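Okay, structure first, notes after.
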Amino acid sequence: LRVRRVAPMEPPPDNCVGPESEQAGKASACEGCPNQKLCASGAAKEEDPAVAEVASQLAGVRRKVLVLSGKGGVGKSTVAAQLAFGLAARGLKVGLLDVDICGPSAPLMLGVQGATVHNSGTGWSPVWVSLDPPPAEGGAEEDEGVEIGVMSIGFLLPGQDDAVIWRGPRKNGLIKQFLTDVDWGALDALIIDTPPGTSDEHISAVQYLKRALGPRDGAVVVTTPQEASMADVRKELNFCKKTKLPVLGLVENMGPLRVPLAGARAVGPGGEDLTARLRAALAAADPGLLEEAAIHVEVFPTAPGRGPGLPAGGASLPGPAGMAAAFGVPLLGSLPLDPAVGVAGDAGRALGLVHGASPAGDALRDLCRRLHETLFPSEGPPGAEGAPAKEFLP
Numbered sequence: 100l101r102v103r104r105v106a107p108m109e110p111p112p113d114n115c116v117g118p119e120s121e122q123a124g125k126a127s128a129c130e131g132c133p134n135q136k137l138c139a140s141g142a143a144k145e146e147d148p149a150v151a152e153v154a155s156q157l158a159g160v161r162r163k164v165l166v167l168s169g170k171g172g173v174g175k176s177t178v179a180a181q182l183a184f185g186l187a188a189r190g191l192k193v194g195l196l197d198v199d200i201c202g203p204s205a206p207l208m209l210g211v212q213g214a215t216v217h218n219s220g221t222g223w224s225p226v227w228v229s230l231d232p233p234p235a236e237g238g239a240e241e242d243e244g245v246e247i248g249v250m251s252i253g254f255l256l257p258g259q260d261d262a263v264i265w266r267g268p269r270k271n272g273l274i275k276q277f278l279t280d281v282d283w284g285a286l287d288a289l290i291i292d293t294p295p296g297t298s299d300e301h302i303s304a305v306q307y308l309k310r311a312l313g314p315r316d317g318a319v320v321v322t323t324p325q326e327a328s329m330a331d332v333r334k335e336l337n338f339c340k341k342t343k344l345p346v347l348g349l350v351e352n353m354g355p356l357r358v359p360l361a362g363a364r365a366v367g368p369g370g371e372d373l374t375a376r377l378r379a380a381l382a383a384a385d386p387g388l389l390e391e392a393a394i395h396v397e398v399f400p401t402a403p404g405r406g407p408g409l410p411a412g413g414a415s416l417p418g419p420a421g422m423a424a425a426f427g428v429p430l431l432g433s434l435p436l437d438p439a440v441g442v443a444g445d446a447g448r449a450l451g452l453v454h455g456a457s458p459a460g461d462a463l464r465d466l467c468r469r470l471h472e473t474l475f476p477s478e479g480p481p482g483a484e485g486a487p488a489k490e491f492l493p
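Residue numbers 100 to 493, in my numbering, belong to the letters of the sequence shown in order.
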């Protein structure tokens, strides 16, 4: 096996003056940059007309939240969908825009697979998801349900399993169309679910939203506890820093697994079922323990808070908490690994509607409260304009 060694690509200079500067393409930091000629010509200063179009189209949206992660498979789309459910439960009118062009998950996770979008004189109309709460206790009349607007390329494909085999420019064109042509109307919050990484889709979304983002808008970054995830999420946090996208907070997903002992299945070394034997032994030793105890397992080991490129400030804290401290961003919440979350995602429903009380449900409720208070600090809990939070979500 012959290996050809290639010189590593140099990262963009930290002291880049930016394409809008008078020194663009001329400063010493520009030497060796592949965009030097473009910046020096002044062409990079010309703003895409779509930037103003996006700002006008989203003028009725009070808050915009991009859900990001440098790593795939961390549950970013699940977090985005359950945040939409949770903020809607707190009285907000919410939209969810899925810009993961090659892996759209929003139709499944909002329970609207197979729905179609309609085009009118005001643009594309989102698919509206009606969420009806369970009957109130005592036979009282049901509380009013909530609606969430959803837009995704998944609604535009001929079949659910059809692959989107597009290069960057075509994906960027669809993101631009989603941002300029979808008629959201008046929303309290628009959640934008992005693919993993720091590439075309993310650059396009941030550039097109440049004028539409207000001082309370920004990114929610999702990670899992292990270093393999955090190493890429640190790149995402640096992407936000370089593109001047505020980070509203970090979310740790897939934390320790907690399963009630009464619902666990015990197996032996060969896979034989030992559940009955274990329960009998527990009943003889301590009858109440079976109902009171839960199994706590760290499925993904928590990283020690250190890694290449990580500032030293958070080195003493483990995992995502240390990373959040090192980058100076809030840790919005930690969500445990809970089978109920996967069931809710596949069912396209809010977690609380599929599985009443659960460790993840409690943590998710706290996460939604913190994000709500971050987006609307002057309105305070429990709901926008003082409306009470609906207990059926998330």
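Where a beta carbon is used, it is the ideal one built from N, C-alpha and C, also for glycine. For clarity, every value in this text was computed on a predicted model and none was experimentally measured.
Take every Cβ of the segment 132-141, pair it with every Cβ of the segment 436-446, and state whether three or more of those distances are shorter than 8 Å.
No, they do not touch.
Entirely within the segment 310-396 and at least 4 residues each: give me those alpha helix (DSSP H) ranges in chain order.
For the segment 310-396, whole alpha helix (DSSP H) runs of length 4 or above, ordered along the chain, are 326-341, 374-384 and 388-391.
Sorted by chain position, which residues of the same chain lie with C-beta nearer than 7 Å to alanine 149's C-beta, five sequence neighbours on each side aside?
Answer for alanine 149: Lys275, Thr279 and Tyr307, listed in chain order.
For aspartate 299, name the three-state secondary structure that DSSP assigns.
Residue state, collapsed to three classes: helix.
Helix, strand or coil: which one does DSSP assign to serine 120?
Three-state DSSP puts serine 120 in coil, outside helix and strand.
Under 7 Å Cβ to Cβ from alanine 304, same chain only, skipping five residues before and after it: list those, please.
The residues are Leu165, Val198, Ile274, Ile291 and Thr293.
Quick check: the Cα distance between proline 476 and alanine 180, rounded to an integer number of angstroms?
Those two C-alpha atoms are separated by around 22 Å.
Using a Cβ-Cβ cutoff of less than 8 Å, which residues in the same chain neighbour alanine 262 once the five nearest sequence positions on both sides are dropped?
Only Cys201 meet the Cβ criterion.
For leucine 474, collect the residues of the same chain with a Cβ closer than 7 Å to its Cβ; drop the 5 residues on either side in sequence, then sort them by chain order.
For leucine 474, where only same-chain residues beyond five positions count, the Cβ hits under 7 Å are Arg162, Ala288 and Arg315.
Work out the CA separation of alanine 128 and cysteine 115 for me, nearest whole Å.
Distance between the alpha carbons of cysteine 115 and alanine 128: 6 Å.
Rounded to a whole number of angstroms, what is the C-alpha to C-alpha distance between glycine 427 and cysteine 339?
One C-alpha to the other measures close to 12 Å.
So, with DSSP's three-state summary, where would you put proline 410?
Low confidence applies to proline 410: its pLDDT is 49, below 50, so where it sits in the model is not reliable enough to give any reading.
Between the Cα of methionine 422 and the Cα atoms of Val440, Glu397, Asn337 and Ala379, which residue gives the shortest distance?
Of the candidates Val440, Glu397, Asn337 and Ala379, the one whose C-alpha sits nearest the C-alpha of methionine 422 is Asn337.
Check whether the segment 428-439 and the segment 349-368 are in contact - that is, three or more C-beta pairs closer than 8 Å.
The segment 428-439 vs the segment 349-368: in contact.
Is leucine 273 helix, strand or coil by DSSP?
Reduced to three states, the DSSP call for leucine 273 is helix.
Using alpha carbons as the reference points, say which of Leu466, Thr323 and Pro458 lies closest to phenylalanine 399.
Of the listed residues, the one whose Cα sits closest to phenylalanine 399 is Thr323.
Are the beta-carbon atoms belonging to lysine 270 and glutamate 246 less than 8 Å from one another?
Cβ atoms of lysine 270 and glutamate 246: not closer than 8 Å.
Could you spell out where the alpha helix (DSSP H) holding alanine 443 opens and where it closes?
Alanine 443 -> alpha helix (DSSP H) spans 438-446.
What would DSSP say about glutamate 236, mapped onto helix, strand or coil?
Note that glutamate 236 scores a pLDDT of 41, beneath 50, so its modelled location is shaky; the value from the coordinates is reported in the next line. Looking at glutamate 236 - three-state DSSP - the assignment turns out to be helix.
Here's the rule: buried if 16 or more other CB atoms are within 10 angstroms of the residue's CB, otherwise exposed. What is lysine 175?
The residue in question, lysine 175, is buried, as its Cβ has 16 or more Cβ neighbours within 10 Å.
Considering only their Cβ atoms, is the gap separating lysine 170 from proline 295 smaller than 8 Å?
Yes; because the gap between Cβ atoms is below 8 Å, this pair is in contact.
Assuming threonine 177 and valine 440 make a contact with CB atoms under 8 Å, what is their CB distance in whole Å?
Yes, they are in contact, since the Cβ atoms of threonine 177 and valine 440 sit about 6 Å apart, within 8 Å.
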